[in-house]
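Take a look at the structure below.
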Amino acid sequence: MAKIQIKSETRHELSFFPNSFDDYVPKDSKVRMVDRIVRSMDINPLMDTYDGIGAPPYS
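Spelled out as structure tokens, the structure:
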């Protein structure tokens, strides 16, 4: 089976507007803590159950 590829977002890329997406979230926001926790999780067991069938990822 082919290796699953997950496309991650880039919060530091510039948008249509002059600010980056990261600028919209305060430095002390709880969402930053949640982001760090989620990124530290090992999702390989979950990905092993994925059969690769379904809609393509967003682009």
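Heads up: the sequence shown runs through residues 0 to 58, numbered per numbering that gives the first Met the number 0.
We put the beta carbon where it would ideally sit given N, CA and C, even for glycine.
>> Please report the straight-line C-alpha distance between V30 and R38, rounded to a whole angstrom.
In response: For the purposes of this step, residue 30 is identified with residue 31 of the sequence shown, where counting begins at 1. For the purposes of this step, residue 38 is identified with residue 39 of the sequence shown, where counting begins at 1. Near 12 Å, if we compare the C-alpha coordinates of R38 and V30.
> Considering V33, what are the terminal residues of the alpha helix (DSSP H) in which it resides?
Replying inline: Residue mapping note: residue 33 aligns to position 34 of the sequence shown, counting from 1. Per DSSP, V33 is one residue of the alpha helix (DSSP H) stretching across 29-39.
> So the alpha helix (DSSP H) N43 belongs to, where does it begin and stop?
Replying inline: One-based indexing of the sequence shown puts residue 43 at position 44. Segment 43-47, the alpha helix (DSSP H) holding N43.
>> Between M40 and I3, how many whole angstroms is the CB-CB distance? I'm expecting something under 8 Å.
In response: Here residue 40 corresponds to residue number 41 of the sequence shown, with the count starting at 1. Here residue 3 corresponds to residue number 4 of the sequence shown, with the count starting at 1. With a beta-carbon spacing of about 16 Å, M40 and I3 fall beyond the 8 Å limit used to define contacts.
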